[in-house]
Every structure is written in structure tokens, then in C-alpha cells.
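What follows is one structure encoded as C-alpha cells, with my remarks underneath.
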Amino acid sequence: MGIEQGELFGLLGPNGAGKTTLISVLSTIVRPTTGHATVCGHDVGRDQDAVRKCIGVVFQDPSLDDELTGEENLDFHGRLYGIDAETRARRIDEVLDLVELIDRRHDLVKTYSGGMRRRLEIARGLLHRPEVLFLDEPTLGLDPQTRRRIWNHILDLKDSYGTTIILTTHYMDEADQLCSRIAIIDHGKIIALDTPEAMKAALGGDLLELGIADPDPEFVKTIRSVPEVAQVSVQEDKLMVTVENGESFIPRLLSYAHDHDAPIGWVSMRKPNLEDVFINLTGREIRDEAIKEPGDRIRIFLRRKNK
Amino acid sequence: MNFIGTVYTLWLRETTRFKRNKSRLIGSMALPLLFLVVLGAGFGGFFRYRGNVSYMEFIGPGIVGMSLLFSSMFGGLSVLWDKQFGFLKEILVAPVSRVGIMAGITLGNVTTSMLKALVFLVALLLTGLVRVDFTGILLAMLFMVLISASFVALGIAFASRMSDPHGFQLIMNFLIMPVFFLSGALFPLEGLPGWLTVLTYLDPLTYGIDGLRFAFGGPHQFSPLMNLVVLVSFLGTTTVVGVALFKRMTA
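From first to last, the protein sequence lines are chains A and B.
Position one of the first sequence corresponds to residue 1 (my numbering), numbered consecutively onward.
Position one of the second sequence corresponds to residue 1001 (my numbering), numbered consecutively onward.
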């Protein structure tokens, strides 16, 4: 697979799927065991320094020095990346302004909230103007308002500097709204790679859910025989139907139900989302695993503790 | 980025954190002070060494060595906290040399450990427990830097291999404490039982503290040259091992 310059590319999958490992390999933290990858034309296994020069990384877990101020954390970073004093001072002002932390610049990071830390980490990732920015679960454990603000910042950046952004997330809606293309990863393998629109379209239309327990097999058979229907699946207390033009299909569906004396409690219709794409590809829900993963809970706990 | 710049950046971080944390400074000096005052006064009545050396005078250099040992080892082991709190990733993903990073961490911690030890030294000078001339001070500083750098490097070596801070207690009990007690900081090296003599001679800190005793014009066991040779070899070994392990470390 390849990621284009200036693209906002999403890596999606449950925790433990291999997203962070992939980011670790691409950012030279971990050496690849098999296969090879290049970033900005440099091999991540052989030419680590050249790769490090052109990337910025916002890690999934916190990576700030609590006992330094926000500004000192940025200054440390700027020095390590060899930015001269004058440029450093100017860019620190610039990125602090961007993430709205300028009035807290002289406060120790240990007094920052989780969202502020995240914003500082994002500011730091941008300080040396990387060609490629890796964002590993940048909004994990944050409240919805902070999430939205961080996303606005990231979109700003992409537009102002033309940075290529690769992000991992298990928030499907986030990936759906932001990414130009998405790779879905499960058990260390890429199982789908396309634009979010194409992925959803491939499911074959709208999703209808009917509240009905143990539906009559004849009724299910009738629905299946309709040419516009792409998929029908029977679940415990509901029936899921994927169909083109769901709006106009509902009246027909109800008349079939009437013909078969099928007791439908309720009907709902929605456009498919990436969650549905994931379920369709793997047969599982992404969120189930996200919660079951013990590492996730510890990470959220650590973040809370650090607030 | 150039090597010196990397070293300076890491050094600057260590010293900035140190300046900010007065309580930790006081905390780290409490234990050596307790040893000096309580042991010094407690054993003072029984102890006469080579005629006229009081116990407090005797353990003065030992306590300076103790302060260096503790703060240097913990300084090196602080890499483990950086690993735990994720800051190490930020350092390791930067396009800079690993040796430069390690050199900066080492120099930073040598600086802060030296400052703590110098506070003791000044206190000892002011109370007249140590009398020293200018060349003695220079020689003492040389031994102090050698002790500190060796144990910072050793701490970094351990931190590179360990994955979580639970090992701290283990290192405290099975490394730092034995190294301190076997170094002759608290007792003269003469007339010990054979097994204890062997152990004290195997302890690198023994030569550091003996060197300090010499620099301060006190009673000492080995020639200063021998002390220097042993310490420099120890520093060489811990640095080589530390660099090798640090280079291989992943955050």
C-alpha cells in the first residue's frame, strides 16, 4: 500500500489489531521483523535518521515531561531537531497560539488537563514542520468538545502546511469525517483499503432494522428475493436489511409483513457507517474489543491520573 | 543535529528539573546527613583511629561518597521513569545520536549529583570536619566526578534493561546498599575479617572513598594512583556497557 503526499490517511481497527505497531515501525521506534517500508523515500529499517528527520509523531500514550513547562517541552523538542534559537522562539509562539495554550505556556505540564496535554503534544509534533505527521489515537479518552477542537486544529494544519497525516483511531465516526482514505486493520493484516464513501457504498445501500423476534422464514425469503436488497441478516430480536433507496422500500416491506402476518414492533433506517463496514468485514463489532482490551483501561486510567 | 547540541539539550533538561525541585534536593540530602550526624555522634565515643581521627572526621568523606552514589544511581535510573511516562519515546524518535543522548543524561546527572555532594563538602569544611588545601579540592573533585559518572552510567545500564519501576527496590537493596556498606565509608579497611576484606576490595566505591580520604589529607589505604586507575577502569566499563544497552533499548 502507499500513502500520497498531503493525504489524511486513517488506520482503523480494534485495539490489538496492529495499528500502534505499524506506527512504531514507520516512526523507527521498532525495527520491522519482516517486509520493508519507506517514509519520505527512506527505508525505516536502514536509514533511521533520515526518516526521523522528516516525521513528527504524536504517540498514543502521554509523552511529555511533567516537570517542565509547556514552553520548555517545546523548546527541548526544537533544540533536538536542530531549529535555531530565533526560528524556535517564533514557531513556539505560532504553535502555542494554534492550540490555544499561549496563556498557559509558563505553567508546568503537570498542572495541565488531559486535553491540554494532548494539544501540547500535537503542537510539539508540528514544531519542526514534519513532512509526515503520525497521530496515534490523538483523541483517546478526551471529551467530545475537546475532540472536535483538536480535529479542527489538525485540519487547519493540513491545509496550511500540506502535511501528510496518518492517524489511527477506533472512533469510526472520526475517521469517516476526516480521512480521505482508510485502511481497516484486523489481526495485523489490512483487510480493506479505500475511501470511506466507497467502503460504505460497497455495503449496498441503506440499513433497515426491523424489530421482530424469530421472523417467519418465508417472510425473510420474500425480502431476500427483492433485487434491490443486498443483504439480510437475522439477529436475536431484529432483522437487518441492506437495501438501495431505503425510504421507498419501507412501504413495500410493511406490505410483505402484512402478507406474512409478521409482527413488526418498529422500523428504523440509517445510512451505513464505518462501524457497519467493519462488522461486515470481520463479523464483530469494533467497540466490544476496544473495551475488553486491558491495556486500554490502564491507558485511560493513566491519563486520568495525570490530569 | 550536532553532538554537542544534543548533549547540551539533555543536560539543560536535567538541570532545569533540578532547579525546580527544591524538596527533592532536601529529601536526597536527609539520609546522608542522618548517617553523618547520628552515626558520627553515636559511635564517636568509642572510635579513635590512628590516634587522633574522630569518627565524624573519619566518615565525612564516606558520606560525600554516599551522597554521590545514591544521587548518581537514581539519576541514571530516572531513565526508567522517562520510559514509564513516555518521555523517552519523544527523545528516541528524534534524529539525534543515541550516544549524545546518553552523554547528555550522564552529564546532567553528574552536575546535579556534584551540586548535592558539594553542599556536604562545604558543610564539612565549615564545621572543620575536613581540612583541605586547593590541590586537595581539585583532586577531591576529580574523584567525585569519577564516582558520579560511573554510577550514573551504571544506573542507565540498568534502566535500559528494566521495563518498569518495580525493580527500583531490588536495585536499592541488592546493589546500592551493599556497595555503600562494603565501601569502607563507615569503617576502616584494616584488620577486617578475610571475607569482608575481599568484598571491600571488590567494591569500586571503596577506591573512590579512599581517594577522597587521601585528597582530604586523612588516613587512607591505597595509593591515589591505584585509586584513580581502578575508578577510571570502572567508569570505562560502565560507560561501554551503558552505551551498548542504551543503544539497543526501545521505548
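Every residue, glycine too, gets a C-beta built ideally from N, C-alpha and C.
Residue i versus the options, residue with shortest Cα-Cα distance
i, options, result
"A/E236", "A/G246, A/E209, A/A257 and A/P251", "A/E209"
"A/T69", "B/V1241, B/G1108, B/T1016 and B/V1132", "B/T1016"
"B/L1175", "B/M1056, B/F1070, B/R1048 and B/R1020", "B/F1070"
"B/G1253", "B/V1079, B/H1220 and B/L1107", "Here chain B covers residues 1001 to 1251 and nothing more, so residue 1253 of chain B does not appear."
"A/T21", "A/E137, A/I83, A/D194 and A/V132", "A/E137"
"B/L1235", "B/P1165, B/W1195, B/I1147 and B/L1212", "B/I1147"
"A/C82", "A/P62, A/V132, A/R252 and A/C54", "For clarity, residue 82 of chain A is Gly in the given sequence; the question names Cys instead. Per the Cα distances, A/C54."
"A/T222", "A/E247, A/G205, A/L253 and A/I184", "A/L253"
"B/D1210", "B/G1108, B/F1246, B/L1139 and B/P1165", "B/L1139"
"B/F1280", "B/V1064, B/Q1169, B/V1096 and B/G1194", "Missing from the structure shown is residue 1280 of chain B; chain B here goes from 1001 to 1251 and no further."
"A/D84", "B/T1238, B/G1108, B/V1179 and B/N1002", "B/N1002"
"B/A1159", "B/G1065, B/M1056 and B/L1080", "B/L1080"
"A/V44", "B/M1226, B/H1166, B/V1093 and B/M1177", "B/V1093"
"A/D276", "A/S255, A/D173 and A/E228", "A/D173"
"B/V1096", "A/N280, A/R149, A/Q48 and A/K200", "A/Q48"
"A/V234", "A/S225, A/Y256, A/G211 and A/V226", "A/G211"
"B/S1254", "B/L1199, B/P1165, B/T1250 and B/S1072", "Residue 1254 of chain B cannot be examined here, being either before or after the span of chain B that is shown, 1001 to 1251."
"B/M1226", "B/Y1201, B/M1172, B/L1192 and B/T1238", "B/Y1201"
"A/A213", "A/I250, A/M240 and A/T38", "A/M240"
Residue i burial status per 10 Å Cβ neighbour count (16 or more: buried)
i, result
"A/Q60", "buried"
"B/V1232", "exposed"
"B/L1154", "buried"
"A/N312", "Here chain A comprises residues numbered 1 to 307, so residue 312 of chain A is not present and cannot be evaluated."
"B/V1240", "exposed"
"A/K305", "For A/K305, the predicted model reports a pLDDT of 47, less than 50, meaning its position is unreliable and no value from the coordinates is stated."
"B/M1102", "buried"
"A/D261", "exposed"
"A/P217", "exposed"
"A/R119", "buried"
"A/H258", "exposed"
"A/G283", "exposed"
"A/M1", "exposed"
"B/A1244", "exposed"
"B/G1242", "buried"
"B/E1014", "buried"
"B/E1190", "exposed"
"B/L1077", "buried"
"B/G1042", "exposed"
"B/N1109", "buried"
"A/R31", "exposed"
"A/D103", "exposed"
"B/R1161", "exposed"
First through last residue of the beta strand (DSSP E) which encompasses residue i
i, result
"A/R270", "V267 to R270"
"A/M240", "K238 to V243"
"A/Q231", "V229 to Q235"
"A/I29", "Neither: A/I29 is in no beta strand (DSSP E) and is coded neither H nor E."
"A/G209", "Reading off the sequence, residue 209 of chain A comes out as Glu, not Gly. Where A/E209 is concerned, the enclosing beta strand (DSSP E) stretches over D206 to G211."
"A/D105", "Contrary to the premise, residue 105 of chain A reads as Arg rather than Asp in this sequence. From DSSP, A/R105 is part of no beta strand (DSSP E); its letter is neither H nor E."
Residue span of the alpha helix (DSSP H) that contains residue i, given as start and end
i, result
"B/K1022", "K1022 to L1034"
"A/I55", "Segment I55 to V58 is the beta strand (DSSP E) holding A/I55; no alpha helix (DSSP H) there."
"B/T1127", "Element bounds for B/T1127: n/a, residue is neither H nor E."
"A/D159", "P144 to Y161"
"B/L1182", "Note, B/L1182: premise wrong, no alpha helix (DSSP H); not H, not E."
"B/V1145", "F1134 to R1161"
Check whether residue i and residue j have beta carbons under 8 Å apart
i, j, result
"B/V1132", "B/G1060", "no"
"A/L308", "A/R88", "Residue 308 of chain A lies beyond the range of chain A shown here (1 to 307); nothing can be said about it."
"A/L308", "A/L74", "Residue 308 of chain A is absent from the structure shown; chain A starts at 1 and stops at 307."
"A/H187", "A/R124", "no"
"A/T164", "A/I3", "yes"
"A/A175", "A/L12", "yes"
"B/L1012", "B/I1105", "no"
"B/G1136", "B/G1208", "no"
"B/A1117", "B/M1144", "yes"
"A/L142", "A/G114", "yes"
"B/N1021", "A/E72", "no"
"A/S63", "B/F1087", "yes"
"A/I182", "A/F278", "no"
"A/I250", "A/V232", "no"
Check: residue i C-beta below 7 Å from any heavy atom of the ligand NAD
i, result
"A/I279", "What this structure holds is no ligand at all, so the ligand NAD is not there to describe."
Chain B contacts from the segment 67-79 of chain A (Cβ-Cβ distance under 8 Å) = E67, L68, E72, F76, H77 and R79
Chain-ordered residues of the segment 55-66 of chain A with a beta carbon less than 8 Å from chain B = I55, V57, F59, D61, P62, S63, L64, D65 and D66
request  = With 8 Å as the limit, tell me which residues of the segment 199-233 of chain A have their beta carbon closer than that to any beta carbon of chain B; keep them in chain order.
outcome  = none
Interfacial residues, the segment 251-284 of chain A to chain B, with Cβ spacing under 8 Å = Here the close residues number zero.
query = Using a beta-carbon distance cut-off of less than 9 Å, what residues from the segment 11-28 of chain A approach chain B?
reply = S24, S27 and T28
query = If you measure beta-carbon to beta-carbon, which residues of the segment 1071-1099 of chain B are closer than 9 Å to chain A?
reply = D1082, F1085, G1086, F1087, L1088, K1089, E1090, I1091, L1092, V1093, A1094, P1095, V1096 and S1097
Near-chain B residues of the segment 94-122 of chain A (beta-carbon distance less than 7 Å), N- to C-terminal order = none
task = Name, going along the chain, the residues of the segment 34-48 of chain A whose beta-carbon falls closer than 7 Å to a beta-carbon of chain B.
result = none
ask   = At a Cβ cut of 7 Å, what residues of the segment 125-149 of chain A count as close to chain B, listed as they run along the chain?
value = Within the segment 125-149 of chain A, no residue qualifies.
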